[in-house]
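According to the working numbering, the sequence shown is numbered sequentially starting from -13.
Backbone N, C-alpha and C define an ideal beta-carbon position, used for all residues, glycine too.
Please read the structure below before turning to the comments.
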Amino acid sequence: MREMNMQSSTERQWVVMKFGGTSVSSAERWATIAGQVRHQRDNDRNVLVVVSALSGITDLLTRLADAHEQASRDALLEEIHQRHRQLLSDLKLTTCPDFEQRWQELCALAASTALPAAAEQKAALLAYGELLSSTLGAATLNQAGMDTVWQDAREMLHASAAPNLNPLSVRCDDNADPQLSARLAEQGRAHITQGFIVRGPDGQTCLLGRGGSDTSAALLAARLQASLLQIWTDVPGMFSADPRVVPDARLLQNLGYREAQELASMGAKVLHPPSIQPARRHGITVFIKDTSRPQAAGTCITAGDREAEAQVKGVVSRKGITLINMETAAMWHQAGFLGDAFMVFKRHGFSVDLVSTSESTVSVTLDPEASTQTDAARMQAFLDELATLCRVDVRSNCVSISLVGNAIRTILGRLSAALDVFQDRHVHMVTQSANDLNLTLVVDAEHAESLVRKLHQLLISSQADGRLEFGPSWHELNRDAKAPSASAAWWKYQSASLVDLLGPRDCAYVYHLPTVQQAARRLRRLQSIDRVLYSVKANDHPDILRALAAEGLGFECVSLNEVNHVLAEVEGIQPADILFTPNFAPQEEYQQALGLGVRVTVDNSWVLHQWPDCFAGREVFLRLDLEKGHGHHRKVITSGKSSKFGIALEDLDELATLLADRNIRVTGLHAHTGSGVDDAEVWGQQLQRILSVLPRFPEVRVIDLGGGLGIPERPGQPDFNLQRMDEVLLQELKQHPVKLWLEPGRYLVAESGVLLARVTQLKDKGQYHYVGVATGMNSLIRPALYGAFHEIVNLNRLQDEAKINCRIVGPICESGDVLGESRLMPRCQAGDVILVANTGAYGRVMASHYNRRIPAEELLLDA
């Protein structure tokens, strides 16, 4: 009876699964493949598995084809054979006659092929990477009970005829083939075949080009009219940037076909660009999955919504870009110049990628995928002919940076702040795509990675949380299991107490003193740090100051009013426990601070030149600009030429003379890189730079490394690795008998504070669901000022499913009064208490009475 309820073989839906080189190179991964085939069969689907060659084998076959000596070929054949024999052993395939047969075919082909191989022979040789791996795969799946039929891809995919056909890079049509579907279905439920290879017009073996296995899978999915195409690789999907450059790159959980193709075309390496079109044409859902993490959701690619919100989805780059500028006054009002110029490109076989024009100049880049085999003689012949039409300037080794997303033209105004990162960088070319999916800039290679990181932070990291299309970051998915995990936030255990504490109030800050004390004790345990000063500007609440003083901390103040506040509120505090670090303050503040006996930092040599008597005979710290800053936002980076802080290193020689003349003794060197830095190595790098100038100041006893230690902002992020920072600092200090000070602010108090605010109104408008609360940027300006992220929850509905994409806004008459953008929330009601986390630092101290609204008051929890 069960068989009668099953679909017939020709009615079952097809699923095509492609597995890349790393996915077919180990027994462990083949076990995963067998599990996925079994899963699809158990769901009553027909399966076609498409495989690449084992990782690295295509490169070895390429070297074999290009070899000029038989001895080299023999050695390469032996290496290829050994790799496959090892996998056979790991798979416990003691006998595999089909593999032995194909291996003998490869050896015979290699023996009969010229040295080096011509293009047709090279294509035939390279095909054996996939022929061998698919043969091993068929034996492995059959051994696992999958009853898998081996198929020759050349019987299913045929190259389209073309003039001057290159057998190493051909095209195929993607028309549906019901007869193929029926034939395979009659042969069995599971099949395995090769990617990359097809049959040529004359029956010869041809290739789809490097990366062509993705395209093979897409073409076969189209011909079989599959319901699903899975691309299995060694990463869990497409990301918003290259994770090797941006560890905070976010997994793109949902993409439209057009967006996915644009990301792939402009530099994302996970998916071969031509593979999208067959899926798009036939409406086949595509999933990108990770063989090492088969349960992970991956990236889903579908038709998408053309009316979706305009948004940047990725910041991608391509290296090795060649930029060609063509300039001539004769272009002005001349019909056909571009036609003449592009004919030169065509005759020499160069594909144009990006184009930008003006009245007398045309700039283009060469398609990096189509220009990888360019030799110097071919390039020179091309440039010589092009020079007969115009003046030609060539710039090599550039990098293109593309902002990819939906409806880019409509958000150019919102991109303006992000484009500030290109200030002082030479941008050689700017193009906006005709399909409105990308904005691309061509820059020098030396600046590319830092620009990609900054753009990603401004356009994606600060806005992605809560958006359904963005998943976890690469860092979160791959963080070291030994890295300290973020401890559970205190407020998660005291939600009821917080609601009771708020009482009839509409809003309030609440500070948890035990969290402050725990943070202080973690820092006091560092072996490399002799003294910890609390940066008062982060939160100047008297009870917090007293709690930190009780833990043995001193204080760093940036204004005379802060100095006086500490002296007034902290009983027993000594002036020597305070470091005064002003910036562009009036002379009177320096004079009064020195009169009080507090330590004073000078961060501008101008004050020493202009007010020498103020500092004559005194001890001071010097704040240095170490030329390289770090931080979560450009506005909190406090080092570098664009920062107003610190004395430039090139001024130190001149300054030394003035210091000696006025008997001004430098006993401390101070540097601060920025805020929200989560890389422990940064402090070792900063210490190295300060130690390099230490010989200029023989009386220095203290090096102050500033603050800026990051905290976990998003759920799942790890705590800052204090242990690693301690290790790198101790290593640097081995040869230098100086004391290290640290002056964190946010690290000590941010996690202790939450902002509570009642829901006042709800509104749906277009695609936005607004949740209005009783206070906004008048109490907490960080989201508006820095694009800062704060976790936001509804304390009254913590157990309810958070599935509504909301914008959390305050009552201030400003469009920027947004506390949280695109946050998943449960359905809220007026009167609910919303909690904004990590607001113990730079919250109430930066508040205002804008619109004459009173900012949230401050409350304390001491247990």
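* On the three-pair Cβ rule with 8 angstroms, is the region 157 to 168 touching the region 205 to 213? -> yes
* To do: Quick one: grab the DSSP three-state call for W318.
  => coil
* Spatially closest choice to D803 from D786, V757 and I446, by CA coordinates -> V757
* State buried or exposed for N525, treating a residue as buried only when at least 16 other CB atoms are found within 10 Å of its CB. => buried
* Asked: DSSP beta-bridge partners for E843?
  -> A494
* Asked: Could you give the distance in angstroms between the alpha-carbon of F232 and the alpha-carbon of C799?
  -> The sequence as given places Val at residue 232; Phe does not occur at that position. So the two alpha carbons sit approximately 36 angstroms from each other.
* **Completely contained beta strand (DSSP E) runs for the region 352 to 436, where each covers 3 or more residues** => 377 to 392, 413 to 418 and 424 to 430
* Asked: DSSP state of T48, grouped into three classes?
  -> helix
* To do: Using only alpha-carbon positions, find the residue among D750, L846 and H527 that is nearest to G731.
  => H527
* **Under 8 angstroms between C-beta atoms of D138 and A176** => no
* Asked: Which class does N780 belong to by DSSP, given the choice of helix, strand or coil?
  -> strand
* Would you report the Cα separation of V735 and L766, rounded to the nearest angstrom? -> 15 angstroms
* Terminal residues of the beta strand (DSSP E) in which Y756 lies -> Y754 to V759
* Check R651 in the structure and name its three-state DSSP category. => strand
* To do: Would you list the residues sitting across from E605 in a DSSP beta bridge?
  => R651
* Below 6 angstroms CB to CB, which residues in the same chain sit around D848 once its five sequence neighbours on both sides are set aside? => L499
* Under the three-state DSSP convention, the category D712 falls into -> helix
* To do: Mind reading off the beta-carbon distance from F408 to Q239? Whole number of angstroms is fine, and I expect it under 8 angstroms.
  => Contact flag wrong, Cβ pair sits at about 30 angstroms.
* Asked: Looking only at C-alpha atoms, which of D422, Y836, M317 and I397 sits nearest to R377?
  -> M317
* In the DSSP assignment, what residue or residues form a beta bridge with C192? -> V184
* **Counterpart residues of K725 in DSSP-defined beta bridges** => V688
* **Cβ-based neighbour list, A113, same chain, cut-off 6 angstroms, excluding 5 preceding and 5 following** => I183 and T191
* Nearest to Q577 by alpha carbon, out of Q560, L553, I564 and R604? -> R604
* C-alpha distance - T624 paired with G632, whole-angstrom precision -> Because the pLDDT at T624 is just 46, under 50, the model does not fix this residue reliably, and the value given afterwards should be weighed accordingly. Taking the straight line joining both Cα atoms gives about 8 angstroms.
* Taking buried to mean at least 16 other C-beta atoms within 10 Å of its own C-beta, is W218 buried or exposed? -> buried
* **Reference S459, options Q747, P701 and S11, closest by Cα** => P701
* Reducing DSSP to helix, strand and coil, say where V556 ends up. => coil
* Whole-Å CB distance - R(-2) paired with D30, under 8 angstroms assumed -> 6 angstroms
* Asked: Going by beta carbon distance, what residues of the same chain come within less than 6 angstroms of D353, once the five residues before and after it are set aside?
  -> S337 and D339
* Asked: Rounded to a whole number of angstroms, what is the C-alpha to C-alpha distance between P698 and N824?
  -> 9 angstroms
* DSSP on L635, reduced to helix/strand/coil? -> helix
* Exposed or buried, what is A657 when buried is set at 16 or more other beta-carbons lying within 10 Å of its beta-carbon? -> buried
* **Under 8 angstroms between C-beta atoms of F601 and R648** => yes
* **Residues near G21 in its chain [Cβ-Cβ closer than 8 angstroms; skip 5 each side]** => P280
* C792 lies in the beta strand (DSSP E); which residues open and close that run? -> I790 to V795
* **Of the residues N392, A666 and V522, the one placed nearest S419, counting alpha carbons only** => N392
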